[in-house]
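Presented below is the structure to which this report refers.
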Amino acid sequence: MKSIILASQSPRRKQLLEWAEVPFEVVTQSTDETYPAGMALPEIPVHIAREKALAVKKMVQHAFHAQHAKETILAADTLVMLGDKVIGKPKDRDDAVAILTELAGNTHLVITGVVILHAGGEIAFQDTTEVSFHPLTQEQIEYYVDTYQPYDKAGAYAIQEWIGVTGIARINGDFYNVMGLPVSRVVQALEQLGGE
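Take 369 as the starting number for the sequence shown in the numbering used here and just add one per residue.
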């Protein structure tokens, strides 16, 4: 498999690509993570991932000119939804505690949008996983937030950390999608590109 550009600073996405033995280098460019009013919620992470990928493509082409015009660029964005409410990254400790209090005892959706830009165009898809938390005590929530400080995570938690191991009752869908990348679908798409 050819090396790709990962347009993400997420340590979880890097780790998942390493586990899948996908060769990559990280190149990021800050982007606006807003989205058009009225956009259907499941389309939002694909839209944001596309903006990330296009920003990196533009930067790479400008910096390295034509020699990198055919680079494959992978970007992703993860969204947490409880009912019709989008839950982003917590602003601070109080916000993280409030988010987890809301998620406790409930089922929410984790939607990751993926965009792969390649010489022939674009592959875009989203993957959805249902996650159900056990009821959690205030003590458990505060322990997790104070110990793990999940301020860079949509939904204020990481499934592979203590709260996921002890607090999640069940999931329906791809576990790795909740970590931030439906890596098996990504690998299938990259292998398909390699065969073209």
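No residue lacks a Cβ here, since even glycine has one placed at the ideal position from N, Cα and C.
Consult DSSP for Ala526 and reduce its assignment to one of helix, strand or coil.
Here residue 526 is taken as the residue at index 158 of the sequence shown, counted from 1. In the structure shown, Ala526 sits in coil (DSSP, three-state: anything other than H, G, I, E or B).
Which term fits Ser371, buried or exposed, when burial requires 16 or more other beta carbons within 10 angstroms of its beta carbon?
To locate residue 371, count along the sequence shown from 1; it is residue 3. The Cβ neighbour count for Ser371, taken over all protein chains shown within 10 Å, is under 16; the residue is labelled exposed.
Which of the three DSSP states, helix, strand or coil, is assigned to Thr475?
Position 107 of the sequence shown holds residue 475. Three-state result, Thr475: strand.
Assuming Ile412 and Leu442 are in contact, meaning their beta carbons sit under 8 Å apart, how far apart are those beta carbons, in whole angstroms?
To locate residue 412, count along the sequence shown from 1; it is residue 44. To locate residue 442, count along the sequence shown from 1; it is residue 74. 18 Å between Cβ atoms; not a contact.
Quick check on Val483: buried or exposed, where buried means 16 or more other Cβ atoms within 10 Å of its Cβ?
Residue 483 sits at position 115 when you count from the first residue of the sequence shown. Burial call: buried.
Give the DSSP bridge partners of Lys319, in chain order.
Residue coverage of the chain in this structure runs from 369 to 564, which leaves residue 319 outside it and unanswerable.
Identify every run of the alpha helix (DSSP H) within the region 484–537, keeping only runs that are complete inside it and at least 4 residues long; order them along the chain.
Annotation note: the region 484–537 contains the following uninterrupted alpha helix (DSSP H) runs of length 4 or greater, listed N- to C-terminal: 506–516, 530–535.
7 Å CB neighbourhood of Val465 in its chain, flanking five on each side removed:
Working through the sequence shown from its first residue, we reach residue 465 at position 97. Sequence-distant Cβ neighbours of Val465 in its own chain, meaning closer than 7 Å and more than five residues away, are Ile509, Glu510, Val513.
Go ahead and label Met407 buried or exposed: buried means 16 or more other beta carbons lie within 10 angstroms of its beta carbon, across all protein chains shown.
Residue 407 sits at position 39 when you count from the first residue of the sequence shown. Classification for Met407: exposed.
Bridge partners for Leu374 per DSSP, in chain order?
Looking up residue 374 in the sequence shown gives position 6. According to DSSP, Leu374 bridges with Val394, Leu442.
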